[in-house]
Amino acid sequence: MAALLETRGLKAFYGSTQVLYGVDLAVAEGGVTALLGANGAGKTTLLRALCAMARREGTVLLDGKPFNPRQAEDAARCGVAHVPDGRGTFLGLTVEQNLRLGAYLRKDRDGVAKDLDRAFSYFPRLEERRQQQAGTLSGGEQQMLAISRALMLRPRLLLLDEPSFGLAPLVVKGIFDILRAINRDEGVSMLMVEQNASLALALADHAYLIETGRVVIGGAAAALRADESIRRVYLGY
Amino acid sequence: MAALIHQILSGLAMGSIYACVALAVVMIYQATHLVNFAQGEMAMFSTYIAWALINAGVPYWGAFFLTIIFSFVLGMAIERLIIRQFDGAPVLTVVIVFIGLLVIINSLAGFLFSYTIKSFDSPFPETMSFGRGYISPHELGSIGVVLVVLALVYAFFRFTPLGLAMRAAAQNPVSARLVGIRVHRMLAIGWGLAAAIGAVAGMMAAPIVYLDPNMMLGILLYGFAAALLGGIDNPWGAALGGFIVGVLENVAGAYLVGEEIKLTVALAIIIGVLVAKPSGLFSRAIVTRV
Numbered sequence: 001m002a003a004l005l006e007t008r009g010l011k012a013f014y015g016s017t018q019v020l021y022g023v024d025l026a027v028a029e030g031g032v033t034a035l036l037g038a039n040g041a042g043k044t045t046l047l048r049a050l051c052a053m054a055r056r057e058g059t060v061l062l063d064g065k066p067f068n069p070r071q072a073e074d075a076a077r078c079g080v081a082h083v084p085d086g087r088g089t090f091l092g093l094t095v096e097q098n099l100r101l102g103a104y105l106r107k108d109r110d111g112v113a114k115d116l117d118r119a120f121s122y123f124p125r126l127e128e129r130r131q132q133q134a135g136t137l138s139g140g141e142q143q144m145l146a147i148s149r150a151l152m153l154r155p156r157l158l159l160l161d162e163p164s165f166g167l168a169p170l171v172v173k174g175i176f177d178i179l180r181a182i183n184r185d186e187g188v189s190m191l192m193v194e195q196n197a198s199l200a201l202a203l204a205d206h207a208y209l210i211e212t213g214r215v216v217i218g219g220a221a222a223a224l225r226a227d228e229s230i231r232r233v234y235l236g237y
Numbered sequence: 238m239a240a241l242i243h244q245i246l247s248g249l250a251m252g253s254i255y256a257c258v259a260l261a262v263v264m265i266y267q268a269t270h271l272v273n274f275a276q277g278e279m280a281m282f283s284t285y286i287a288w289a290l291i292n293a294g295v296p297y298w299g300a301f302f303l304t305i306i307f308s309f310v311l312g313m314a315i316e317r318l319i320i321r322q323f324d325g326a327p328v329l330t331v332v333i334v335f336i337g338l339l340v341i342i343n344s345l346a347g348f349l350f351s352y353t354i355k356s357f358d359s360p361f362p363e364t365m366s367f368g369r370g371y372i373s374p375h376e377l378g379s380i381g382v383v384l385v386v387l388a389l390v391y392a393f394f395r396f397t398p399l400g401l402a403m404r405a406a407a408q409n410p411v412s413a414r415l416v417g418i419r420v421h422r423m424l425a426i427g428w429g430l431a432a433a434i435g436a437v438a439g440m441m442a443a444p445i446v447y448l449d450p451n452m453m454l455g456i457l458l459y460g461f462a463a464a465l466l467g468g469i470d471n472p473w474g475a476a477l478g479g480f481i482v483g484v485l486e487n488v489a490g491a492y493l494v495g496e497e498i499k500l501t502v503a504l505a506i507i508i509g510v511l512v513a514k515p516s517g518l519f520s521r522a523i524v525t526r527v
C-alpha cells in the first residue's frame, strides 16, 4: 500500500522548547495508524505540527508531495481534517450549524446535503439534536459531532486526537465501531492518537509507540499486539 | 400625555442610533473580547465623508451608500494595518491603541474639516401630514433606516454561510481554522461591518446633534450603556438596549434630571447594570454540560 502521509525526521517545537526529535511514520492510503504513548510523549503535538499549529522541521509528504500548510486553515484545504483534543465543537451553535461549518470549503450543495444525512445515519443521536446548541450535548455526543464535522469536509486524511477521552467505555466502543465502519466504507485514512492502546490496536493496521518525542517501536498493529513484552512494558495491559 | 408620547417617540429615534453604535461595539467585542473606544470617532469620520460627498453634489442616498462602502473599507484597513499588529498583545496595550485611534481620528477630522460645527441635512422631508407634534419625519426615518440595518445584519448572520463562518471564527478561532475558515479575514470583515453600521448611526445622528469632530462622544457613551444593558455578548440584546436607553434618557431628561445633566443617565445605567446584573438584561447564558 502506498503511503498517504509520511513524515521523515519530523521535529516540533513550542517556542524554543523541542517536543519531537525526528519522528518517521506513515499512514497507508485507506489505512489507520495509531500513535500510542504516555502523557507528554508528544502525540498531540505531532498532530498539531502537521496542521501548522506548532512549529516544525523535517519533511512531511501528503500523497508524495510536500505538505507544508502555512496556517491551520490550509490543512483543511489539502483535505486533512483534524478532530482536536477537547473536541473543539462550536458550543454556541446548533448541531446542524456545526456540521455545515465542517463543509465550509465545499461548493457542492447537493453533496453537502447528502453528507449531512450520512452523518445522521452514522450517529442518529445527532439528528435528534439537530437544532440543539452543541454546548448542551453530552461528552459522547460532542465527540460524535466533532468526528462528523471533520467528515463533512470529505477528507482524505482524518486526524483524531484521543477520541475516547473522558467517555464511558460503552460510548467509546460505539464510536470506535463507527470509525471502523467509516474507514471500511468510505476509505478515509486515519491517524489516531490514543491512550487506550488495546482499542487503538484493534482498529489500526499500523502503530507507533512514542516516548519523549521519539518513536520507540513502530510496525504492524498486529505485531505490537502480539508482542507480550511490548504490551507489558509500554502498553500496560 | 402628548408630551410624554413625544418624549418616548423621539427617545426611540435617538435610541435607534444608540442601537447601531451598540451593535457595532458588540460585534467587535464578540470576536476579540475588546471594546473599541474609537468606534464613535470612526462613525464621525464617516459622517464627514458623507458631508463632503453631498457638498460635492452627490445626491443624498448616493452619498449614503458610498459612505457605507467607504466605511467598510476603512474599518477593514484599520484592522489589517493597525489592530492586527497587536494580535496577542496584553489587553491594556490594545486599549491604548484604541484610545490613540480615537485621538488621531478626532484630530484628523478637525484638521481636514475644521472644528466649526456644520449642519447636516436630513434626507427626509421637513414636515409630514401625520404624527405632528409627536415625532419628526427625520426621527421616524431614522428609526426606519436602523430597523432595516438591523434586519439586514440579522439575516446576514442567520442565513448566509459567510455570516455563520464569522460567528464560528468569533466563538472558537482554533476550530474555525481547522474547518478552513480564514479567521483573520473574518475579523477584518467584522471590523468593516462594524464601521459601516457605525457610519449609519453617524449619518442619522448628524442632523440632530450637528456635525463636528466631537459629535459622537455622548452617543458612544450611550452606545456603551446600551451594550451593557442589553448584554455585551448578545448583539440583539444590545440593539434593544439602545432603544431602551434612548427612551430612558429622553424621559429622564424631560421629567427627572433636566436636559443639562442628561448624559449622567448613561453613566447611571452603566453603573447600575454592572452592580445589579453584570451580564446584562438579555445576555444569553451559554449552557454547557461537561
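From first to last, the protein sequence lines are chains A and B. Residue numbering for the first sequence is 1 to 237, as defined by our numbering. Residue numbering for the second sequence is 238 to 527, as defined by our numbering. Using N, Cα and C, we set each Cβ at its ideal position, and we do this for glycine too. From a predicted model like this one, the values you see are computed outputs, not experimental measurements.
Along the region 79 to 91 of chain A, the positions whose C-beta sits under 8 Å from a C-beta of chain B are Ala81, His82, Pro84, Gly88, Thr89, Phe90 and Leu91, read in chain order. Shown in chain order are the members of the region 96 to 128 of chain A whose Cβ falls below 9 Å from a Cβ of chain B: Gln97, Asn98, Arg100, Leu101, Gly102, Ala103, Tyr104 and Leu105. A contact between stretches requires three or more CB pairs, one per stretch, nearer than 8 Å, and the region 307 to 315 of chain B fails this requirement with the region 449 to 466 of chain B. Relative to Gly435 (chain B), the option among B:Leu387, B:Arg422 and B:Ala392 whose CA is nearest is B:Leu387. Nearest to Leu209 (chain A) by alpha-carbon distance, out of A:Gly30, A:Leu101, A:Gly40 and A:Arg48, is A:Gly40.
Between Met190 (chain A) and Val32 (chain A), the C-beta spacing is below 8 Å. Using a Cβ distance threshold of 8 Å, Gly42 (chain A) and Gly213 (chain A) count as a contacting pair. Judged by DSSP in its simplified three-state form, Tyr459 (chain B) adopts helix.
Uninterrupted alpha helix (DSSP H) stretches at least 4 residues long and entirely within the region 360 to 421 of chain B occur at 374 to 396, 398 to 408 and 410 to 415, given in chain order. Among the CB atoms of chain A, one or more fall inside 8 Å of the CB of Ala405 (chain B).
Of A:Asp205, A:Arg231, A:Arg225 and A:Ala222, the smallest CA-CA separation from Ala28 (chain A) is found for A:Asp205. Going by C-alpha positions, Ile506 (chain B) is about 39 Å away from Arg130 (chain A). Counted as a single uninterrupted DSSP element, the beta strand (DSSP E) harbouring Leu61 (chain A) occupies residues Arg55 to Leu62. DSSP, reduced to helix, strand and coil, places Ser164 (chain A) outside both helices and strands of the structure shown, so it counts as coil. Residue pairing of Ser189 (chain A) in beta bridges, as defined by DSSP: A:Leu157. Counting of Cβ neighbours within 10 angstroms places Pro450 (chain B) among the buried residues, the total reaching 16 or more. Bounds of the alpha helix (DSSP H) holding Leu504 (chain B) are Leu500 to Ala513. At a cut-off of 8 Å between beta-carbon atoms, Glu73 (chain A) makes contact with chain B. When DSSP states are grouped into helix, strand and coil, Lys173 (chain A) belongs to the helix group. Per DSSP, Gln97 (chain A) has no beta-bridge partner at all.
The region 137 to 150 of chain A and the region 171 to 181 of chain A touch, with no fewer than 3 CB-CB distances between them shorter than 8 Å.
Secondary structure of Phe13 (chain A) (DSSP, three-state): strand. Taking 9 Å as the upper bound on Cβ-Cβ separation, chain A lies near residues Val411, Ser412, Ala413, Arg414, Leu415, Val416, Gly417, Ile418, Arg419, Val420 and His421 of the region 411 to 437 of chain B. At least one beta carbon of chain A lies nearer than 8 Å to the beta carbon of Leu401 (chain B). Selection A:Ala34, A:Ala49, A:Ala3 and A:Ala2 evaluated against Tyr21 (chain A) yields A:Ala49 as nearest (Cα-Cα). With a beta-carbon spacing of about 20 Å, Phe301 (chain B) and Ile342 (chain B) fall beyond the 8 Å limit used to define contacts. For Tyr208 (chain A), the pairing in a beta bridge is given by DSSP as A:Leu35 and A:Gly218. Within chain B, the C-beta atoms nearer than 7 Å to that of Ala76 (chain A) come from Leu415, Val416 and Gly417, in chain order. Ranked by how close their Cα comes to the Cα of Gln133 (chain A), the residues B:Phe307, B:Tyr285, B:Gln408 and B:Val512 have B:Gln408 in first place. Looking from the CA of Ile354 (chain B), the closest CA among B:Leu448, B:Tyr297, B:Glu496 and B:Leu511 belongs to B:Leu448. Per DSSP, Ala113 (chain A) is one residue of the alpha helix (DSSP H) stretching across Arg109 to Tyr122. A check of alpha carbon separations from Ser16 (chain A) across A:Leu93, A:Glu57 and A:Pro66 identifies A:Glu57 as the nearest. Around the Cβ of Thr330 (chain B), a 10 Å sphere holds fewer than 16 other Cβ atoms; the residue is exposed. In this structure, Ile456 (chain B) keeps its C-beta atom at 8 Å or more from the C-beta atom of Ile265 (chain B). Identification of chain A residues near Gln322 (chain B) by a Cβ-Cβ cut-off of 7 Å yields none; the smallest Cβ-Cβ distance measures about 17 Å. The continuous stretches of alpha helix (DSSP H) do not include His270 (chain B), and DSSP gives it neither H nor E.
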